[in-house]
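If you're matching positions, the sequence shown starts at 21 in the working numbering and goes up one per residue. Structure first, commentary second.
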Amino acid sequence: MKVIKRIFSIVFFIVLVIVILNILPKTQYRNDNPWLKENNNGEPLVIAHAGGQFENPGDTMRAFQYSFDLDVDVLEMDVHLTSDNILVTRHGENETGNIRHMSNCDTVIWDETYEWLYDSCNFGYNYEDKDGAYPYRDMTQVEWVEAGVYMTTLEEIFTAFGDDTLYIIEIKADVDAPRTETADVLIELINDYELNDYVVVATSFEDISNYITTTYPDTVQSASHDDAQDMVIKTYSFTSLFFKPVNNSSLQIPTSFTIPVINELNLATKILINSAHKHNMAIHYWTINDSQLMKDLIALGADGIITDDPELLMEIINTN
C-alpha cells in the first residue's frame, strides 16, 4: 500500500509540475506578428512555394508574377549571391548548389557573374508541364527572357511588388557558398526598400541565423533548423516555458520529422500549434500539395501553408 501511495504521489507531482509549466506565461516574440492567421482574417496564409512550381518554373519572375496576380498572401523564394554580389532567386541542388537540374547550365551561382547567368541560363529548360511537354526548352535567350524564366534578381521582385505582398526569403548556403555575405546583401536590400515589416528571413543554417540575430537584431526571422527542433522538443516534453523566440516570428516546418528511436514524429498537431501561439509565433507547414492534407492543416489551425499549387489551396479556403 505504501508503494502504491508513493507511486501516486510521484505521478501527482509530475502532473502538477507539467500543469504549472504550461500555465505560466511564455516568453513571446516581441513584435506584432502578421504571420499569424489571426491577423489574416482567421485564414491560413497562402504561401506560394518558389512562386508556385506546379504552373511555372520555380523561383522565376514568371512564377512570382503568376502568384502575385492570384493574390496569394506570401511569395516564398530562395536566394543565392552571384560572384559580383547580386542576389538572385534560385534554389540550387541541395548540398551541391548546382543549377543543372533546373536549367541548361552546369555551374554554381556564386562562381558566376549575374550578367553571365542572365545571358546563358534558361531556367525553364527542364520544366515539364502537366502534359509532359517542355515548353521553354527550345527557346532562344531573347525568348526565355520574354517568357520570364531568366535569372531573376531579388531587387526586380521588390521593385515589381513592393509592400503589396509578404515575403519569406530563404538564404541558401550549400557547400562553399558565401554565407554571412549573402545575409549582409539581403538585409541591406530589405532596408533599402523599407520592407522589414513584410519579410521573414529564413535559413536552416544555425551560423547564418545567429549572425543575423547578433548583427541585425531588428530583422524578422523564422526559426533555423536547430531552433525549430528546440521548440518541438520543449513542446512535446512540456518544457516550452524555457523556449525563447528572440526575433523568430515563425516556424516553417514539415508535417513530420524522422528522429532516432521514435522514428517518425508528427508535427501537425494542435499541441505544437497552440504552443507556438502562446509564444506569439506562427507555424507554416511545407510543402503541401495534397488537398486533404491542406484541409486537415486548416482544421488544426495552421497559420500558413506553403504549396506549389496556390490555386488549389485558395479554392479550398474559399469553399470552407
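Cβ atoms here follow ideal geometry from the backbone N, Cα and C, with glycine treated the same way.
- The Cβ atoms of residue 55 and residue 221 do not sit closer than 8 Å to each other.
- By the 16-neighbour rule on beta-carbons within 10 angstroms, residue 72 is buried.
- A Cβ-Cβ separation of about 6 Å places residue 111 in contact with residue 192 under the 8 Å criterion.
- Annotation: residue 310 to residue 334 spans about 13 Å, alpha carbon to alpha carbon.
- Counting only unbroken stretches of 4 or more residues, the alpha helix (DSSP H) elements lying wholly within the stretch 103-188 are 134-140, 161-166 and 174-181, in sequence order.
- By the CB criterion at 8 Å, residue 241 and residue 229 fall inside the cutoff.
- Per DSSP, the unbroken alpha helix (DSSP H) holding residue 227 starts and ends at 226-235.
- Annotation for residue 106: 134 and 173 place their beta carbon closer than 7 Å to its own, counting only its chain and skipping 5 residues before and after.
- DSSP, reduced to helix, strand and coil, places residue 336 within a helical segment of the structure shown.
- Taking residue 138 as reference, the option from 153, 168 and 149 with the minimal CA-CA separation is 168.
- DSSP lists 189 as the beta-bridge partner residues of residue 97.
- When Cβ pairs closer than 8 Å are counted between the two stretches, the stretch 176-185 is seen not to touch the stretch 147-157, the count staying below three.
- As DSSP reads the structure, residue 321 sits in no beta bridge.
- Pairing residue 276 with residue 306, the inter-Cα distance amounts to about 10 Å.
- Counting only the Cα atoms, residue 236 lies some 33 Å from residue 122.
- Take the alpha-carbon of residue 304 and the one of residue 323: they are about 6 Å apart.
- Secondary structure of residue 240 (DSSP, three-state): coil.
- With a threshold of 16 other beta carbon atoms within 10 Å, residue 162 falls short and is exposed.
- Comparing alpha carbon positions, the residue from 104, 98 and 67 closest to residue 86 is 67.
- Taking the C-beta atoms as reference points, residue 295 is found no nearer than 8 Å to residue 244.
- About 7 Å separates the CB atoms of residue 126 and residue 118; that is less than 8 Å, so the two are in contact.
- Linking residue 256 to residue 82 through their CA atoms gives a straight-line distance of about 41 Å.
- In this structure residue 325 does not touch residue 272 by the C-beta definition: roughly 11 Å separates them, more than the 8 Å allowed.
- Residue range 268-273 is occupied by the beta strand (DSSP E) that includes residue 270.
- Residue 65 holds the alpha-carbon nearest to the alpha-carbon of residue 338 among 53, 65 and 52.
- Straight-line measurement puts the Cα of residue 188 at about 10 Å from the Cα of residue 270.
- For the 8 Å CB-CB criterion, residue 205 and residue 233 do not form a contact.
- A direct Cα-to-Cα measurement between residue 226 and residue 285 gives close to 22 Å.
- Spatial neighbours of residue 216 in its own chain (CB-CB distance under 8 Å, excluding positions within 5 residues in sequence) are listed in chain order as 210, 238, 239 and 240.
- For residue 245, the uninterrupted alpha helix (DSSP H) run begins and ends at 245-256, by DSSP.
- Separation of the CB atoms of residue 250 and residue 263 is rounded to 6 Å, and the pair is thereby assigned contact status at 8 Å.
- When DSSP reads this structure, residue 65 sits in a beta bridge with 324.
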